Amino acid sequence: MTNNEISLDGREPSGEKHRGPVVLRGEQSRSTSTTDQRLLDSRGPTDWVHTDPWRVMRIQAEFVEGFGALAGLPRAVTVFGSARTKPDHPDYAKAMAIGSALAGEGFAVITGGGPGIMEAANRGAKEAGGMSVGLGIELPFEQGINQYVDLGINFRYFFARKTMFVKYSQAFVCLPGGFGTLDELFEALTLVQTKKVTKFPVVLFGTEYWGGLVDWIHRSVAGAGNVGIADLSLIHLTDDVDDMIRVVHDAYAAWVAAH
Numbered sequence: 001m002t003n004n005e006i007s008l009d010g011r012e013p014s015g016e017k018h019r020g021p022v023v024l025r026g027e028q029s030r031s032t033s034t035t036d037q038r039l040l041d042s043r044g045p046t047d048w049v050h051t052d053p054w055r056v057m058r059i060q061a062e063f064v065e066g067f068g069a070l071a072g073l074p075r076a077v078t079v080f081g082s083a084r085t086k087p088d089h090p091d092y093a094k095a096m097a098i099g100s101a102l103a104g105e106g107f108a109v110i111t112g113g114g115p116g117i118m119e120a121a122n123r124g125a126k127e128a129g130g131m132s133v134g135l136g137i138e139l140p141f142e143q144g145i146n147q148y149v150d151l152g153i154n155f156r157y158f159f160a161r162k163t164m165f166v167k168y169s170q171a172f173v174c175l176p177g178g179f180g181t182l183d184e185l186f187e188a189l190t191l192v193q194t195k196k197v198t199k200f201p202v203v204l205f206g207t208e209y210w211g212g213l214v215d216w217i218h219r220s221v222a223g224a225g226n227v228g229i230a231d232l233s234l235i236h237l238t239d240d241v242d243d244m245i246r247v248v249h250d251a252y253a254a255w256v257a258a259h
């Protein structure tokens with residue numbers, strides 16, 4: 001019998017143990033239980049559901065569920081913005097107008113599914129008869145999926161959720177928001193700059209809010225040579241809904257031509 005064989009009574013050779021593709025030797029091989037035994041044993045602690053191998057299955061499930069739910073989505077645009085924006089704030093009305101305009105042009109509207117700007121964009125799309133999608137995230141302070149979402153998915157992991165935003169959108173529109181909006185903004189810019197995605201415009205809606213950031217990128221970041229001059233064109237700053245629609249249409253036409 002070789003080192004890799006198992007004896008007829010079920011025991012492996014001393015000093016080496018196989019656990020699926022994993023080889024255990026020395027002290028690591030001393031365990032007498034098997035994976036099947038631990039799976040079928042309903043007793044004992046439940047810490048195993050929080051182990052890294054089990055997390056991999058959860059991560060895989062999130063991708064499978066997301067891909068399955070969104071596979072039939074029509075062309076779409078993701079709208080980002082603050083969850084703290086109240087319905088009586090001017091930015092809420094702007095987000096509703098953006099959602100409505102995108103729906104009128106045949107684009108599904110994807111948001112993070114929460115309140116504030118996200119709710120407003122979903123509401124604008126839904127009330128205009130368009131497809132309204134919300135990709136929520138598990139947070140310590142529960143928000144839930146807003147009532148204007150037609151198709152909603154809740155994610156545990158930010159990176160799985162981010163993949164869905166990029167994979168199923170033809171553009172990002174960022175209204176005033178906080179760290180979450182900034183995170184999505186710079187992630188999108190990085191993916192476009194490194195050509196992980198192509199023909200993907202990033203529209204900053206609100207010159208008063210975003211103007212200082214854009215000026216800083218031009219003056220400090222590009223001025224120091226940390227981004228190229230061509231990279232500055234990846235950001236489109238506007239206050240006009242029609243201008244935003246034009247940028248989205250141009251990018252979508254370029255995407256269609258490339259595919």
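Position one of the sequence shown corresponds to residue 1 (this note's numbering), numbered consecutively onward. Beta carbons: idealized from backbone N, C-alpha and C, even for Gly. The model shown is predicted, which means the values in this text are computed figures rather than measured ones.
According to the neighbour-count rule (16 or more other Cβ atoms, all chains shown, within 10 Å of its Cβ), is residue i buried or exposed?
{"i": "S220", "result": "exposed"}
{"i": "R84", "result": "exposed"}
{"i": "D91", "result": "buried"}
{"i": "I229", "result": "exposed"}
{"i": "A95", "result": "buried"}
{"i": "G116", "result": "buried"}
{"i": "S7", "result": "Because the pLDDT at S7 is just 45, under 50, the model does not fix this residue reliably, and the value given afterwards should be weighed accordingly. It is exposed - the Cβ of S7 has fewer than 16 other Cβ atoms within 10 Å."}
{"i": "L139", "result": "exposed"}
{"i": "E208", "result": "exposed"}
{"i": "R246", "result": "exposed"}
{"i": "R265", "result": "As displayed, the chain neither begins before 1 nor continues past 259, which places residue 265 out of reach and without an answer."}
{"i": "E27", "result": "exposed"}
Assuming contact is defined by CB atoms lying nearer than 9 angstroms, are residue i and residue j in contact in what I supplied?
{"i": "A188", "j": "V166", "result": "yes"}
{"i": "F200", "j": "A251", "result": "yes"}
{"i": "M131", "j": "L151", "result": "yes"}
{"i": "G81", "j": "L191", "result": "no"}
{"i": "A128", "j": "A103", "result": "yes"}
{"i": "L237", "j": "W216", "result": "no"}
{"i": "D231", "j": "A101", "result": "no"}
{"i": "V149", "j": "V173", "result": "no"}
{"i": "M244", "j": "I137", "result": "no"}
{"i": "W255", "j": "T194", "result": "no"}
{"i": "G112", "j": "G180", "result": "yes"}
{"i": "D239", "j": "G212", "result": "no"}
{"i": "M118", "j": "V79", "result": "yes"}
Taking the beta strand (DSSP E) that residue i belongs to, which residues open and close that run?
{"i": "A171", "result": "From DSSP, A171 is part of no beta strand (DSSP E); its letter is neither H nor E."}
{"i": "A125", "result": "Run containing A125: none in the beta strand (DSSP E); it sits in the alpha helix (DSSP H), I117 to E127."}
{"i": "I235", "result": "I235 to T238"}
{"i": "F155", "result": "L151 to F155"}
{"i": "G134", "result": "S132 to I137"}
{"i": "F159", "result": "From DSSP, F159 is part of no beta strand (DSSP E) but of the alpha helix (DSSP H) over F158 to K167."}
{"i": "T78", "result": "A76 to F80"}
{"i": "L204", "result": "V202 to F205"}
Return the first residue and the last residue of the alpha helix (DSSP H) that residue i is part of.
{"i": "A108", "result": "Careful: A108 lies outside any alpha helix (DSSP H), inside the beta strand (DSSP E) at A108 to T111."}
{"i": "L182", "result": "F179 to Q193"}
{"i": "Y252", "result": "V241 to A258"}
{"i": "L102", "result": "P90 to G104"}
{"i": "Q60", "result": "D52 to L70"}
Under the assumption that residue i contacts residue j (Cβ atoms under 8 angstroms), give the Cβ distance between them as a whole number of angstroms.
{"i": "V202", "j": "L182", "result": "The Cβ separation is near 12 angstroms, so there is no contact."}
{"i": "I153", "j": "E65", "result": "7 angstroms"}
{"i": "L135", "j": "R156", "result": "At roughly 12 angstroms, the Cβ-Cβ gap does not stay under 8 angstroms, so L135 and R156 are not in contact."}
{"i": "V248", "j": "A125", "result": "Their Cβ separation, rounded to whole angstroms, is 14 angstroms, which puts V248 and A125 out of contact at 8 angstroms."}
{"i": "Y168", "j": "L70", "result": "5 angstroms"}
{"i": "Q147", "j": "G114", "result": "About 12 angstroms; that fails the 8 angstroms criterion."}
Are any of the Cβ atoms in chain B nearer than 9 angstroms to that of residue i?
{"i": "A230", "result": "As a matter of chain content, chain B is missing from the structure shown, which is built from one protein chain."}
Sufficient close CB pairs (3 or more, under 8 angstroms) joining the stretch 63 to 79 to the stretch 106 to 115: Touching, per the Cβ criterion.
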